[in-house]
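As numbered in this note's numbering, residues 24 to 126 make up the sequence shown, in order.
In what follows, a single structure is set out as structure tokens and then discussed.
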Amino acid sequence: MIGDFLFSDKVLTTEIMVRLEYDSAGKRAARMMVPRDVAVQMADANYPSAPGSMTVESALAFALMLAVRSKRSLVITGDPSVWDASWGVLLETKFAAPATEGS
24 MIGDFLFSDK
34 VLTTEIMVRL
44 EYDSAGKRAA
54 RMMVPRDVAV
64 QMADANYPSA
74 PGSMTVESAL
84 AFALMLAVRS
94 KRSLVITGDP
104 SVWDASWGVL
114 LETKFAAPAT
124 EGS
């Protein structure tokens with residue numbers, strides 16, 4: 024087990040997020056979501072942009088690096104059934120930060 028991870032059913036516009044989902048073939052997948060200012064900083068520093076759907080492991084690794092570099096929280100959202108319990112526990116969290124309803 025890696026550890027505990029924050030989970031929110033709301034999309035937080037101020038945090039680094041990984042949205043869990045199933046792709047069109049029914050395989051586990053994820054999308055990374057970053058605040059606009061972080062996306063601008065990524066482009067300015069020649070970081071690759073956050074691609075669309077990718078493996079959950081790739082999204083988590085990329086998002087963790089961005090969370091550390093941008094000093095933001097890493098928060099998981101989306102379909103919790105995609106999560107592999109051997110990685111750790113998803114802890115439901117409430118943020119005071121601006122949020123929009125998850126879809």
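In this text, a Cβ means the ideal position worked out from N, Cα and C, and glycines have one as well.
- Shown here, V112 sits in a strand according to DSSP, grouped into three states.
- Three or more beta-carbon pairs separated by less than 8 Å are not found between the region 59–79 and the region 28–35, which leaves the two stretches without contact.
- The beta-bridge partner set that DSSP reports for E44 consists of A52.
- Excluding five sequence positions before and after V79, the CB atoms of its chain that fall closer than 7 Å to its own CB belong to L43, R51, A52, A53, V105, given in chain order.
- Under the criterion of beta carbons closer than 8 Å, V98 and M55 do not qualify as touching, at roughly 11 Å.
- Rounded to whole angstroms, the gap between the alpha carbons of T37 and L114 is 19 Å.
- For the 8 Å CB-CB criterion, V57 and A68 do not form a contact.
- For D67, the three-state secondary structure derived from DSSP is helix.
- The C-alpha of R59 lies about 22 Å from the C-alpha of T116.
- Nearest in C-alpha terms to K33, of all of A82, L89, P103, S81, is P103.
- Residue range 97–101 is occupied by the beta strand (DSSP E) that includes V98, with no alpha helix (DSSP H) assigned at that position.
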